[in-house]
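> What follows is a single structure, and I will ask about it in a moment.
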Amino acid sequence: LSVAYTTYAERKVMAAMQLRQGPIAVGPFGLLQPIADGLKLLGKETIIPAGANRVVFIIAPMVTFLLSLVAWAVIPFGDGMVLADINVGVLYLFAISSLGVYGIIMAGWASNSKYAFLGALRSAAQMVSYEVSIGFVMITVLLCAGSLNLSTIVESQGGGFWKWYFLPLLPMFVIFFISTLAETNRAPFDLPEGESELVGGYNVEYSAMTFALFFLGEYANMILMSGMTTILFLGGWLPPVDVVPFTLVPGPVWFALKIALCLFVFIWVRATMPRYRYDQLMRLGWKVFLPFSLFWVVATAGYLIAFDLLP
5 LSVAYTTYAE
15 RKVMAAMQLR
25 QGPIAVGPFG
35 LLQPIADGLK
45 LLGKETIIPA
55 GANRVVFIIA
65 PMVTFLLSLV
75 AWAVIPFGDG
85 MVLADINVGV
95 LYLFAISSLG
105 VYGIIMAGWA
115 SNSKYAFLGA
125 LRSAAQMVSY
135 EVSIGFVMIT
145 VLLCAGSLNL
155 STIVESQGGG
165 FWKWYFLPLL
175 PMFVIFFIST
185 LAETNRAPFD
195 LPEGESELVG
205 GYNVEYSAMT
215 FALFFLGEYA
225 NMILMSGMTT
235 ILFLGGWLPP
245 VDVVPFTLVP
255 GPVWFALKIA
265 LCLFVFIWVR
275 ATMPRYRYDQ
285 LMRLGWKVFL
295 PFSLFWVVAT
305 AGYLIAFDLL
315 P
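Under the numbering used here, the first residue of the sequence shown carries the number 5, and numbering increases by one thereafter.
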């Protein structure tokens, strides 16, 4: 449901930015439009191309969707509100986000289409490239928090928004957010589905519910990446200041509001930025983000040791 209404919010926000109305026909203010779209896709026939590998073709969207849900197991919504409070939560998230590449490669290969295969290769190269810088960004946060447990990382940011990691690690925060755009194949890095040259990328041969699973997976990954940004840099479920009107609001509400803010920026970027060229995308990942994030890891570690601030 949250994924469905993320698509509704995207259409409404982009419409407002482009001086349009967005969905208005189905239900009050168009609120039932995502439900109508879902029912339409459920009712359509799933067409499998004659030359496709049937088993892999059907498994691929299921893998993409399942991985986007499995990652939520370690995300803490509030104090003690987490399905699995494991001590290596960050490593678990990193492993699951790395596995997301497989669903897309399987889809591109099984479709037996040059367009789908090229889209899958693009997507795999893009996701692998930006995962490296995401990993280094996570290391800087771990150095500051002294733990791989996500709840501990959030608790280490307690005491007001000036103690959240987005301020001391501002360049890393920016790199992380831009990398999440590339990781989730969102504009301006939506090259795997470049309509002008690939007709729709790795999911070009998919229809009906199999296409819907890719769609759901992409938006679920957006929400997941916004949740990770919130936990690592924006204090998770903690209020911005520890004074009475703010502390009365439950932690999960703060967490949801921060995720909504990150999703708004995702949509804002899509409405504003033109699409990158592929060589620009790769140069940014390997020649700008990777060396800078590596330098920042060394600088952070040096600073913490020099001033004896290691937790």
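The beta carbon of each residue, even a glycine, is placed where N, CA and C say it ideally should be.
All figures in this text were calculated on a predicted structure; none of them were measured in a lab.
#1: Taking the continuous alpha helix (DSSP H) assigned at residue 314, which residues delimit it?
#2: Over what stretch of residues does the alpha helix (DSSP H) that includes residue 28 continue unbroken?
#3: Identify, in the order they occur along the chain, each residue of the same chain with its Cβ nearer than 8 Å to the Cβ of residue 51, setting aside the five sequence neighbours on each side.
#4: Buried or exposed for residue 38, please, with buried defined as at least 16 other CB atoms from any protein chain shown within 10 angstroms of its CB.
#5: If you reduce the DSSP assignment to three classes, tell me which class residue 277 lands in.
#6: Can you name the start and end residues of the alpha helix (DSSP H) that residue 130 belongs to?
#7: Provide the residue span of the alpha helix (DSSP H) that contains residue 72, from first to last.
#8: At which residue ranges does the region 175 to 220 contain complete alpha helix (DSSP H) runs of 4 or more residues, listed in the order of the chain?
#9: Figure out for me which residue from 175, 186, 142 has the closest Cα to the Cα of residue 274.
#10: Identify whether residue 82 lies in helix, strand or coil by the three-state DSSP scheme.
#11: Please confirm whether residue 157 and residue 10 have their CB atoms less than 8 Å apart.
#12: Take the Cβ of residue 14 as the centre, count every other Cβ of all protein chains shown within 10 Å, and call the residue buried at 16 or more, exposed below.
#13: Just how far apart, CA to CA, sit residue 8 and residue 220?
#14: If we ignore side chains and look at the alpha-carbon of each, how far apart do residue 251 and residue 173 end up?
#15: Buried or exposed for residue 222, going by 16 or more other Cβ atoms inside 10 Å?
#16: How about the region 106 to 126 and the region 56 to 76: do they share at least three Cβ pairs that are nearer than 8 Å?
#17: Grouping DSSP H, G and I as helix and E and B as strand, with all else coil, what is residue 292?
#18: Between which two residues does the alpha helix (DSSP H) carrying residue 38 extend?
#19: Given this structure, state the Cα-to-Cα distance separating residue 63 from residue 118, to the nearest angstrom.
#20: CA-CA distance, residue 6 and residue 53?
This is what the structure gives:
#1: As a position in the sequence shown, residue 314 is number 310, starting the count at 1. DSSP places residue 314 in no alpha helix (DSSP H); its state is neither H nor E.
#2: As a position in the sequence shown, residue 28 is number 24, starting the count at 1. Premise fails: residue 28 is in no alpha helix (DSSP H) and is neither H nor E.
#3: For the purposes of this step, residue 51 is taken as the residue at position 47 of the sequence shown. Same-chain partners within the cutoff: 211, 212.
#4: Indexing the sequence shown from 1 puts residue 38 at position 34. With 16 or more other Cβ atoms inside 10 Å of its own Cβ, residue 38 counts as buried.
#5: Working through the sequence shown from its first residue, we reach residue 277 at position 273. It is coil, neither helix nor strand.
#6: For the purposes of this step, residue 130 is identified with residue 126 of the sequence shown, where counting begins at 1. Element bounds for residue 130: 118 to 149.
#7: Taking the first residue of the sequence shown as position 1, residue 72 is located at position 68. From DSSP, the alpha helix (DSSP H) with residue 72 extends over 58 to 74.
#8: Within the region 175 to 220, the complete alpha helix (DSSP H) runs of at least 4 residues fall at 199 to 202.
#9: As a position in the sequence shown, residue 274 is number 270, starting the count at 1. The candidate whose alpha carbon is nearest that of residue 274 is 186.
#10: For this step, residue 82 is matched to residue 78 along the sequence shown. In the three-state DSSP reduction, residue 82 falls in the strand class (E or B).
#11: In the sequence shown, counting from the first residue as 1, residue 157 sits at position 153. In the sequence shown, counting from the first residue as 1, residue 10 sits at position 6. Pairing residue 157 with residue 10 gives a Cβ-Cβ distance that is not under 8 Å.
#12: For the purposes of this step, residue 14 is taken as residue 10 along the sequence shown, with counting starting at 1. Buried: at least 16 other Cβ atoms inside 10 Å.
#13: Residue numbering aside, residue 8 sits at position 4 when the sequence shown is read from its first letter. Residue numbering aside, residue 220 sits at position 216 when the sequence shown is read from its first letter. For residue 8 and residue 220, the gap between their C-alpha atoms comes out near 8 Å.
#14: As a position in the sequence shown, residue 251 is number 247, starting the count at 1. As a position in the sequence shown, residue 173 is number 169, starting the count at 1. Those two C-alpha atoms are separated by around 25 Å.
#15: As a working note, residue 222 is residue 218 in the sequence shown. Per the 10 Å Cβ criterion, buried.
#16: The region 106 to 126, when compared against the region 56 to 76, does touch it at the 8 Å Cβ threshold.
#17: Here residue 292 refers to the residue found at position 288 when the sequence shown is read from its first residue. If DSSP states are grouped into helix, strand and coil, residue 292 belongs with the helices.
#18: Taking the sequence shown and counting its residues from 1, one reaches residue 38 at position 34. It spans 37 to 47 - the alpha helix (DSSP H) in which residue 38 sits, taken as one unbroken run.
#19: The residue labelled residue 63 in the question sits at position 59 within the sequence shown. The residue labelled residue 118 in the question sits at position 114 within the sequence shown. Those two C-alpha atoms are separated by around 20 Å.
#20: As a first step, residue 6 must be located in the sequence shown, where it is residue number 2. As a first step, residue 53 must be located in the sequence shown, where it is residue number 49. Taking the straight line joining both Cα atoms gives about 32 Å.
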